[in-house]
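1 is the number of the first residue of the sequence shown in full-length UniProt numbering; add one for each residue after it.
Note sheet for the following structure.
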Amino acid sequence: MDVLPEVVEQAGGRLCVMLDGGFRRGTDILKAVALGADAVLLGRATTYGLSAGGQPGVERAIDILKTEIDRALGLLGCRDIAELDRSYLRRVGHDGALSRPLQERRVPLIDHDAPVTGEPYVQA
């Protein structure tokens, strides 16, 4: 996903840009489309649906993704997926996990001065 904008730029509308791998939520699909993907492949979701419930499971997995997409579009104020572009995205950080480094948290998660007993000591 990190290089998708570059791929889209190089394709220059001459190629259909399809993305595959790691898509688990409707919002993942929307991010890819906002970055310029023409299509997103959904092997994982449909495979899980198939293994859980056969064809009805696949249909349910797709319905869940559709619902997530519809809700997210509504929250963004979009009526159609075609309205999405990069302006709807904000990069939090490379890993996306925290908006600020762990060291900057106000409450320490681990007491580094606690005696070493073999068990981790976590403050409540």
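Cβ atoms here follow ideal geometry from the backbone N, Cα and C, with glycine treated the same way.
Note that the structure is predicted; figures quoted are calculated from it, not measured.
- DSSP lists no bridge partner for Met1.
- A straight-line Cα-Cα distance of about 22 Å links Val33 and Arg60.
- Beyond the five residues adjoining it in sequence on each side, Ala37 comes within less than 8 Å, by CB distance, of Leu4, Val8, Val17, Met18, Leu19 in the same chain, given in chain order.
- At the C-beta level, Gly26 and Ala72 come within 8 Å of one another.
- In the DSSP assignment, Val33 falls outside any beta strand (DSSP E) and lies within the alpha helix (DSSP H) extending over 26 to 34.
- In the structure shown, Leu19 falls within a strand segment according to DSSP collapsed to helix, strand and coil.
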